[in-house]
Amino acid sequence: MLKFFNTLSRQQEEFQPLEEGKVRMYICGPTVWNFAHIGNFRTFVFGDILRRYLKFKGYQVTHVFNLTDIDDRIIKEAAARNISIDEFTAPYIQYFWEDFDALGNERPEVTPRATHHIPEMIAIIEKLLENGHAYESDGSIYYRIAAFPEYGKLSRIKFEGNIAGGSERVDTDKYEKEDARDFALWKLVGEGEEPGWDAPFGRGRPGWHIECSAMSMRYLGETFDIHAGGQDLQFPHHENEIAQSEGATGKLFSKYWIHSEFLKIDDVTMSKSKGNFFTFRDLWEQGYSALAIRYLLLSVPTRKQLNFTFEGLKGAESTVERLRNFRQLVKEAKVSDGTDANVAAAVSKALADFESSMDDDFNTAAALAAIHDLVREINTVLAGPGLKSEDREAVLNAIGKFDSVLGIFGPEDSESLDAEIEALVEERQAARRDRNFARSDEIRDLLAEKGIVLEDTKDGVRWKRK
Ligand SMILES: [Zn+2]
């Protein structure tokens with residue numbers, strides 16, 4: 000039974016989807032004004048683990064992950080280069096997906112961009128203006144926190160003495176201020192000034208928070224299951240998302256909230272000024288593999304701080320290497336027929352431990368420990384009495400299951416693929432000798448699916464990749 004910590008209730012809760020067998024989830028994505036750093040990727044890799052584990056548990060997942068392609072920094076940088084914001088963000092969007100894919104993340108079902116959802120934002124702001132949750136001041140539109148008494152229910156920040164006087168406002172678009180009260184939903188933009196969009200309440204551009212309310216509800220409905228993101232987004236961004244969405248619909252916005260903790264470098268907060276700021280590409284260029292970076296990012300449960308060190312990264316590099324070698328060793332092991340009760344029990348235990356760890360607030364550290372325990376035991380068997388055929392299948396099957404969630408074993412080695420193909424080619428030859436043409440054709444199709452083309456020559460059958 001999957002349980003995890005819901006920031007909204009501050010409790011571990013059993014996961015109960017709104018709709019049987021289905022999960023609708025939203026994760027705040029990157030602002031595409033620069034390369035994403037490894038702290039961002041810690042959250043995004045967790046998002047990937049979350050979606051994969053929900054699928055592992057049998058749910059059909061709809062995962063929405065937005066790109067923030069408009070904000071003050073983007074506008075400023077684009078203006079400085081005298082190009083449009085689209086021209087400015089295009090390469091960063093491309094780099095982002097390259098890094099995202101390289102880290103082994105599955106692409107979410109929907110990856111909307113803020114600038115493509117302005118009409119949805121305008122519709123929410125209109126509702127908020129109609130029902131008194133928003134007001135106009137100097138041409139801009141602000142959210143009236145005094146009209147939403149539940150404000151603060153996610154972050155539990157106390158606002159006594161601050162909430163009254165709703166017209167006083169602090170622009171929190173860059174979320175630097177701690178004392179955030181009314182915040183901008185729509186910022187006035189003068190005639191001819193870009194970027195700007197026409198709205199019934201005047202030409203302007205959206206504040207940051209409104210985009211996530213608009214894009215999540217557009218694709219997931221007014222109420223959905225899980226909203227996740229970095230801890231730094233809890234306040235004010237997520238608090239404001241709730242205020243906007245629930246203020247507009249009068250319904251619960253997201254049932255569960257999950258926040259990923261910070262990543263520190265050598266126990267210090269990562270920052271450009273301290274010279275300890277790393278993007279995925281920085282590490283990649285230093286020769287570290289994407290698999291090792293992924294392993295390190297997921298090795299600590301998401302609600303605990305992760306202390307990133309190069310020693311740790313080197314350790315992750317040798318760990319993933321060991322895991323890959325282990326899978327190869329198991330594949331190539333000479334096996335005898337049958338099964339060994341102790342080995343079979345070890346495999347079952349590892350699978351059970353893996354699942355119970357993940358069920359316990361996505362405890363990836365304990366899930367990894369279950370995998371390493373199995374590796375140790377099977378290595379002992381390989382070095383001693385040897386593996387039995389059924390147990391080998393069970394171990395490889397278990398690795399497949401672990402990796403459907405974690406993605407740390409990496410792609411299969413081509414040598415082993417070659418061996419599999421050789422075996423299939425041989426089996427097809429044998430089937431033809433036995434005049435079992437049905438089986439022979441079946442194997443030819445199977446190989447075609449793997450992109451393998453067979454050629455009958457006078458020296459026998461040759462195969463090549465398409
Ligand atoms: Zn967001």
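For the sequence shown, the positions run 0 to 465 when numbering that gives the first Met the number 0 is used.
A virtual CB, placed ideally from N, CA and C, is assigned to each residue, including glycine.
Remember, predicted model here, so these are calculated numbers, not experimental data.
Distance between beta carbons of residue j and residue i, contact taken as under 8 Å
i: residue 143; j: residue 181; result: 6 Å
i: residue 451; j: residue 426; result: Going by Cβ atoms, the distance from residue 451 to residue 426 rounds to 13 Å, so no, they are not a contact pair.
i: residue 153; j: residue 36; result: Incorrect: roughly 25 Å between the Cβ atoms, too far for contact.
i: residue 291; j: residue 312; result: 6 Å
i: residue 124; j: residue 209; result: 7 Å
i: residue 3; j: residue 241; result: Their Cβ separation, rounded to whole angstroms, is 19 Å, which puts residue 3 and residue 241 out of contact at 8 Å.
i: residue 38; j: residue 262; result: 4 Å
i: residue 61; j: residue 219; result: 7 Å
i: residue 206; j: residue 187; result: About 11 Å separates the two Cβ atoms, so there is no contact after all.
i: residue 369; j: residue 353; result: 5 Å
i: residue 265; j: residue 301; result: Between residue 301 and residue 265 the Cβ distance is about 20 Å, and since that is not below 8 Å, they are no contact.
i: residue 129; j: residue 213; result: In fact, because the Cβ distance is near 16 Å, the residues do not count as touching under 8 Å.
i: residue 319; j: residue 407; result: 6 Å
According to DSSP, residues forming a beta bridge with residue i
i: residue 93; result: In DSSP, residue 93 forms no bridge with anything.
i: residue 223; result: 253
i: residue 297; result: Beta-bridge pairing links residue 297 to no other residue.
i: residue 133; result: 142
i: residue 5; result: 10
i: residue 59; result: 21
i: residue 453; result: 462
i: residue 259; result: 229
i: residue 264; result: 267, 307
i: residue 183; result: 141
i: residue 32; result: Looking at the DSSP assignment, residue 32 forms no beta bridge with any residue, so it has no partner.
i: residue 359; result: 2
i: residue 470; result: With the chain covering 0 to 465 only, the question about residue 470 has no answer from this structure.
i: residue 112; result: 66
Residue i CB to nearest heavy atom of ligand 1 below 7 Å
i: residue 228; result: yes
i: residue 62; result: no
i: residue 232; result: yes
i: residue 116; result: no
i: residue 236; result: yes
Cβ-based burial, residue i [other Cβ within 10 Å; buried from 16]
i: residue 59; result: exposed
i: residue 148; result: exposed
i: residue 0; result: exposed
i: residue 410; result: exposed
i: residue 183; result: buried
i: residue 46; result: buried
i: residue 15; result: exposed
i: residue 349; result: buried
i: residue 9; result: exposed
i: residue 285; result: exposed
i: residue 440; result: exposed
i: residue 456; result: exposed
i: residue 459; result: exposed
i: residue 23; result: buried
i: residue 163; result: Residue placement at residue 163 is flagged as unreliable, the pLDDT there being 38, under the threshold of 50; the coordinate-derived value follows with that caveat. Label assigned to residue 163: exposed.
i: residue 436; result: exposed
Min CB distance residue i to chain B below 8 Å
i: residue 337; result: Among the chains in the structure shown there is no chain B, since it carries only a single protein chain.
Where are the alpha helix (DSSP H) runs, 4 residues long or more, that stay fully inside the region 387-429, in chain order? Those alpha helix (DSSP H) runs which fall completely within the region 387-429 and span 4+ residues are 388-405.
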